[in-house]
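Asks: Here's a structure for you.
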Amino acid sequence: MSLLLDAILALLVLAAAVRVAAGGDGFARVVAFMGVGLLLGLIWVRLAAVDVALTEVAVGSGITGLVLLQAAADAPLTREREVGLLYHLCAGMVGLVVFAALAVVVLLLPDPAPSLAPDVVRALPATDLGNPVTGVLLVFRALDTLLETMVLLVALIGVWSLSPDRHWRRAPAPLWPAPPSGALDFLARVLVPIGALVGIYMFWAGADVPGGAFQGGAVLAAMALMAMMAGLSPVPAIGGAGLRLAVLAGPFAFLGVGIAGWFLAGAFLDYPEGFEKTVIIAVEVAITVSIAVTLALLVLGPPMGRKA
Amino acid sequence: MSGAVLFASADALLVVAVILPLFAVPVLFLAPSRIAERATVVVLGLSLLVALAIAGGVGRSGAAAASFIGGWRPPLGVGLRADGFSAFMLVMTAAVLLATGLFAMTTPGRSRAGGERMPPAFWMLLASVFSALNLVFLAEDLFTLYVALELLTFAAVPLVCLEGKLAQVEAALRYLLFALFGSLLYLLGVVVIYGLYGTLDIILVAREATASPGFVLALALMTAGMMAKAALFPLHLWLPPAHSGAPPAASALLSAVVIKAPIFLLVRFWLDLAPSTLAVAVAPMLAGLGAAAIVVCSLVALAQPRLKLLIAYSTAAQIGYLFLMFPLAAASSPWSALAWTGGALHLASHAFSKAAMFMAAGLIAEALGHDRIAGLSGVGRVVPVSLFAFGLGGLSLMGLPPAGGFVAKVMLLSAAVHLGAWWIAAVILLGGLLAGGYVLKVVVLALQRPAEPLVAQPVAHWREWVALALALVAVGFGFVPLEPSHFLFIGRPASWAGMVP
Amino acid sequence: MAGLSASDLMLLAAVLVPLVLALAAIKPFVRRRVDVLLLVAPLPGLLAAVAVPLGQSVLVVPSPFRLTFALDLPGAVLLGGAALLWLAAGAYAVCYLRSDPARGAFSVWWLLTLAGSFAVFLVADVASFYLAYALVSFSAFGLATHDDTVAARRAGRVYLALTVFGEALLIAAFVMLAASVTEPNPLIRDAVAGLPASPWRGAILALLLVGFGMKMGLFPLHVWMPLAHAVAPVPGSAVLSGIVVKAGLIGLIRFLPAGTPWFDWGAGLLAAGLFTAFYGVAIGLTQRHPKRVLAYSTVSQMGVVAAVLGVGLKTGDATVPVLAAFYGFNHMLLKGAMFLTVGVAAACPRRRLVPVLVVAAVLGLSLAGLPFTGGALAKFAVKEPVGDGLAGLLLALSAVGTTVLMARYVLLLADVGAGATATGGSVAPGLRVPWAVLSAAAVGLPFALFTAVTGTSLALLFSLDTLIKGLWPVALGLGVAALIYQKPPKFVEVPAGDILVAAAPLARLYQHVRDGAVLLDTLLRRWSTAALALVLLALVLGYVMAGVAFPPHSAP
Amino acid sequence: MSAPVLFGLLGAALSAVGVYGLMVGRDALARILAFNLLGGGVFLVFGAVARRGAGAGFAADPVPQALVITGIVVAFSATALAVALLKRLAALRARPGAAPAKVAGAQAEGTKGRVQPGGDA
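Put into structure tokens, the structure is as follows:
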């Protein structure tokens, strides 16, 4: 029975994906894409990966969708020459071959499947964490996570670099220049505090149950954006020291803890014995703040020259 | 255990190499730009020292250095490892990037002649590129490599459009999208590998890997992804506009070192990861594409009306030599080591000469206000040092003595001759001829007497000398002995044996 | 490195001093002292040629580089001649370029070419030879194109294109040659010793002959020579035609295996050389400028040398290389002096022209081998191995041709002198003295060297038989010349570079290929093409691997 | 067929759709969307791998899950950067006097003869 449900879910995703790839109006495609993201969130739950599901919905569908929506109107200006029917056919055939090859590989995956789950089980007690995914993210593969925060930071620098140097103390343009309507204003006033609480809880709970810095940060970012859209809060200028410190806090607190690990625990990104959880939570606080701010700023785009 | 001692150990230096450049970013974020600029150059200099220390340690001990992040060993943890080849790449990258930093720096004591000050974003991106490259050269984990490659791409792409012109933004977007396409193909391969072996550590995977359908597909996807990022013909669509449109300092580092990261990984995949039967089967195909790159892109370079485009196409062509190396290096013959050394040497001498050429071209453009080749007549009188740097860099591309390109070419030729790969030898020679064509075309024009007196802006001599220094390093590689290098083979075949977490 | 003897130091100085001077010329105050630069630079080379005992060799940088300098007889002969010509032409150039604002740049090219030419005669290891050869070849470009005229630019382009091509052929040959030796950078001697046993000996020989033959101007690769030699400033032409072409000669001397008969290849080289010898004369006769006549004469003379070397290769006669070097030495000084004569004639007041023409005639007749001149010794030396057969006859006939060509040269020189606008008392001593000294040396010096080089007594030269053998071609040539030039000949001037016009289809082909590449590139740079190519590439890679990993016959 | 296999196949299909979209996409938005689809497919295959690796008390192998979270954030960064570039490009093309999109496109593709790549210096 559940397999039938799964199959229907899969078909829905596929249909939405084909709609996304089929072309046509930009907005419709983006909305279809956000639908794919939400459905994928469900699928991740079905795959017993709730942490991923939260991330997929918050970041992969939500914030990404927000970014993409802004591009929908501009897309026609980047259009290139038409490709012919023959090309479409070729591309379709190639796509089918890609599918076939991948399907064969998926079906031929070894059984029993190799897994690092036992390794994680063995190592997790040393970290004092309850959520194995958080354990992998912040302990066993902390380097990846550190780099990931750097990736966000570099992406932000890249986006800002599209504005000339002299605009670097100004604010990005508001997301939708229209005056805030009463309904949005009301919605925002109600939703923002609730959402913020949810975000903070998600990060806090992340140590032991599904959730964590990325999911929590994404929700917080969404709330901040909503507040700005509703006019509850101005779009900040990117030159402020506080904002910049908030952007830097996550990656560099993490980096600092990593270096401290050399002296206190004997290896880079190792945590001092007995204080693992405390330090990890501290790092997560910093990362959550940075992620929230960075995601919001990435959605807002480069500073446009308006002085805030 | 004393952290201070650990900090200076060769193993810890691997981590330092990755994180040190990142410390320039907060300084740039918070401090006034002039101070931040100096600070960044200091960080670049320190990073070069770190790279040299790693290379020194590897050379002295005769064994690879390794470091496990957080003390967690693979497969659960992530390991960094520097063998001879990695250390070689680290030093080369650090040297080129330091030179780039010096070139881009505001001339000490006065405002920069000609162009404006480089924006803080440039310096932040430069630092990020540095860190990402070091990670690519050191990481043994396929997923960490994915993140490192993305970090590299995101840092490199905005460098293309720092000036914000239409053509540059076009080029940057195209570069980004194609690189992302490649990254995801790579990631798909990584996912399949995890599904097969339950680990992402290259060394552990290599130990278990057999030519199963999954592994074959994974290798194919990863290879194609890296080729897209390396702009190997026929996937070079993004390279000429991106490398030619960027500001000179950015072009230099893009063409010299950024493009080498995916190539480095291809070498790792095919010589460390793949079973040799597969490597031998695929190598001729890689070499065929390399040959096509050399011939087609060199010819196209000859037709270019603008100097920076000419140099960019030359990069697209020179990448081909590194792929020509594969069948020679993959063959199990004593001559493979020579081909390998030749390939590495070509990679390094191309990095230095190409950086020098892009900088020289930038200075020429700055002096004349354009870089149309037809209008370069007599430019040698205006910026002689830059032209000399361009010529010396070109000497290496042409494979003439005493430049590094010559020694590399002789090594590759010798290996090709011994292994009976005549077509590879022929392509190497033809490539030299075509390179001679496009380099000499520019140099000869520049040496002529100008038709009308040239009106030229002054350029900072400081920067001309940086370009010349790079070109001289490229020439210096010509004094490497014509035999397989022992250093490059330190730590091969790769293994974690004897490495303490 | 410790314990360098005086001889070692002299060998090193011959190459290093001009290089250091060239480097020092970066500084403007050094560059302004053209006179010092040009006159000092060749002296160490001259000293080395005269004072260093033959067989001396010095390992400058030890293994694995093995940068080695060595002096052998052919090297010493050519080095000495080259040093003399560099000195005389240098002195001449100091005066000739006195009012040229770009003389500083010219002297830098001059010094680099000089260093390269000395190094070619001295280095004994393969890699350094290639370096020296590249140095002399590429630096000569600067001498040839100094005047920067339209013709000079074209000549420069052709020269560079062929030089780059020649370098590619030679590096291929050297790599294959070195393959037989375990050393990474073998001595030329050791590498060549392995040539007869090499599995690729045919390919190596072909590449060597074409590569070096191009530098010597063997037909049909001579096209650059008349272009380049004619457009350079007079002292530049003198060293280009006198010395730079000898890089090809020393290349053949060093790299052809001496003492091993290779009949087919030897016969081929002999034929190519003889054909070139006559071809150079034939085209040269149609030329209307004395410098171009001289350039074609160089083509012809290098054909003679190549023919002699061909005989040596054919028979395996190990004495031939030394004799060829001696012939080269003779040609070096004569041709240098004759080029300088052109400049002197142009600067000469009409009433003082006759002595100049007399000197020119003596030089020309010497080149043709008139008895009692230095040239006769060179002709005699090479006649010995060639013998009296058909090849010997053709060689003698080529001397007839040379005589006719030289007569043409003197007549054209008279025209140049007559058309000159020079006024004043006489030619500036700065031009006249080096020219006169060089001319005297060209005619006289072979006598001093002959016995040492050939081991034959000079007395043999004055036997009646020898005199007749030397005299009849010159006499016949003069007779023919008199017939032809009774009234001004109506030859259509063959454009310099003659068969270069035949290269036009080649150039068109190149254009098409290049345009095709551009078109292909434009197509490939479309997103749609490249994206499809990327995915296809992944699939093809997978397919190729699958073909190896799961061979069809093992499929269930 | 079990859920992991089904979703693994869906991942393969989604990847194929993404690849197709990347090939035929005419504008930058289409390509960015297709990139995200391909990414979603790749992650889903990874999710199937994780689910198959259930064991030792976990319903799925936690390592791939963590990697997918990282991957999603990286993909978002890529999208944000690409969209910023897209918008800047559109703004530049929309500017009066700028080359219209069609011409700029044609310039990138070339027509007949010796069309050169790149734009103005």
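Chains as they are written, first to last, in UniProt numbering: chain A, 1 to 308; chain B, 1 to 501; chain C, 1 to 556; chain D, 1 to 121.
Glycine included, each C-beta is placed from N, C-alpha and C at the ideal position.
#1: Name the chain A residues that come within less than 7 Å of B/I364, Cβ to Cβ?
#2: From the DSSP output, in three-state form, read off D/G55 for me.
#3: Could you pull out every residue in the same chain whose Cβ sits closer than 8 Å to the Cβ of C/A399, ignoring the five residues on either side in sequence?
#4: So, B/V43 versus B/L20, is the Cβ gap smaller than 8 Å?
#5: What is the DSSP secondary structure of B/L237, counted as helix, strand or coil?
#6: Would C/A97 and C/V17 be called neighbours here (beta carbons separated by less than 8 Å)?
#7: On the three-pair Cβ rule with 8 Å, is the region 193 to 211 of chain B touching the region 267 to 280 of chain B?
#8: State whether the region 95 to 111 of chain A contacts the region 258 to 272 of chain A, with contact taken as three or more CB pairs (one from each stretch) at a distance under 8 Å.
#9: Would you mind telling me which residues of chain D sit closer than 7 Å to B/F388, beta carbon to beta carbon, in chain order?
#10: Consider the Cβ of C/A531: report whether some Cβ of chain D lies at a distance smaller than 8 Å.
#11: Output the distance between the C-alpha atoms of A/L137 and B/P327, rounded to the nearest integer angstrom.
#12: By Cβ distance below 7 Å, which residues in the same chain neighbour A/M150 in space, the five residues on each side in sequence not counted?
#13: Going by beta-carbon coordinates alone, are C/V443 and C/S366 separated by less than 8 Å?
#14: Just tell me which of C/L122, C/L523, C/G251 has its CA closest to the CA of C/G166.
#15: In this structure, how does DSSP classify A/M93 when only helix, strand and coil are distinguished?
#16: Anyone know if the C-beta pair for residue 559 of chain C and C/V245 falls short of 8 Å?
#17: Going by C-alpha to C-alpha distance, which of C/L445, C/A172, C/A76 sits closest to B/G432?
#18: According to the neighbour-count rule (16 or more other Cβ atoms, all chains shown, within 10 Å of its Cβ), is C/T454 buried or exposed?
#19: Looking only at its chain, what residues have a beta carbon closer than 6 Å to the beta carbon of C/A546, apart from the 5 residues adjacent to it on each side?
#20: Can you give me, in chain order, the residues of the region 79 to 99 of chain A that have a beta carbon less than 8 Å from any beta carbon in chain D?
#21: Which residues of the region 123 to 140 of chain B have a Cβ closer than 7 Å to any Cβ of chain A? Give them in chain order.
#22: Give the DSSP-derived three-state secondary structure of A/L109 in the structure shown.
#23: Between the region 220 to 240 of chain C and the region 136 to 156 of chain C, do at least 3 Cβ pairs fall closer than 8 Å?
#24: May I ask which residues mark the beginning and end of the alpha helix (DSSP H) holding C/F372?
#25: Which full runs of the beta strand (DSSP E) of 3+ residues lie inside the region 66 to 106 of chain B, going along the chain?
#26: Report all residues from its chain with a CB closer than 7 Å to the CB of B/R112; omit the five preceding and five following residues, and keep chain order.
#27: Give me whichever residues DSSP pairs with B/R306 in a beta bridge.
#28: Suppose the cutoff is 6 Å on Cβ atoms and the five residues either side in sequence are ignored; what does the same chain contact list for A/A221 look like?
#29: Buried or exposed for C/G516, please, with buried defined as at least 16 other CB atoms from any protein chain shown within 10 angstroms of its CB.
#30: Using a cut-off of 9 Å between C-beta atoms, extract the partners of C/G542 located in chain A.
#31: Please classify C/P53: is it buried, with 16 or more other beta-carbons within 10 angstroms of its beta-carbon, or exposed?
#32: Using a threshold of 7 Å, is the CB atom of C/L269 nearer than that to any non-hydrogen atom of the ligand ZN?
#33: Relative to the alpha-carbon of C/I499, which residue among C/L334, C/L43, C/V15, C/G217 has its alpha-carbon at the smallest distance?
#34: Keeping to the same chain, check which residues put their C-beta closer than 6 Å to that of C/G266; ignore five residues upstream and five downstream.
#35: Let me know if B/V455 comes out buried or exposed under the rule of 16 or more other beta-carbons within 10 Å of its beta-carbon.
#36: If I follow the unbroken alpha helix (DSSP H) through B/S131, where does it start and stop?
Replies: Reading off the structure:
#1: Chain A residues near B/I364: none, gap ~25 Å exceeds 7 Å.
#2: strand
#3: A368, G369, K379, P473, V474, G477
#4: yes
#5: coil
#6: Per the sequence shown, residue 97 of chain C should be read as Leu rather than Ala. Taking 8 Å as the Cβ cut-off, C/L97 and C/V17 do not qualify as a contacting pair.
#7: yes
#8: no
#9: Correct list: empty, because the minimum Cβ distance to chain D is about 23 Å.
#10: yes
#11: The straight-line gap from Cα to Cα measures roughly 40 Å.
#12: P251
#13: yes
#14: C/G251
#15: Three-state DSSP puts A/M93 in a helix.
#16: There is no way to answer for residue 559 of chain C, as the model of chain C reaches only from 1 to 556.
#17: C/A172
#18: By the Cβ neighbour-count rule, C/T454 is buried, with 16 or more other Cβ atoms within 10 Å of its own.
#19: When the five nearest sequence neighbours on each side are left out, no beta carbon in the same chain lies closer than 6 Å to the beta carbon of C/A546.
#20: Cβ contacts with chain D: R79, E80, R81, E82, V83, Y87, H88, A91, G92, V94, G95, L96, V98, F99.
#21: M124, L125, S128
#22: Correct three-state label for A/L109: coil.
#23: yes
#24: C/F372 -> no alpha helix (DSSP H), and no H or E assigned at all.
#25: 79 to 82
#26: The predicted position of B/R112 is uncertain, since its pLDDT is 44 and thus under 50; no value can be drawn from it.
#27: B/R372
#28: A292, L295, A296
#29: exposed
#30: A101
#31: exposed
#32: Here there are no bound small molecules, and the ligand ZN is not part of this structure.
#33: C/G217
#34: Excluding sequence neighbours, C/G266 sits near G310, L313, K314.
#35: exposed
#36: 120 to 138
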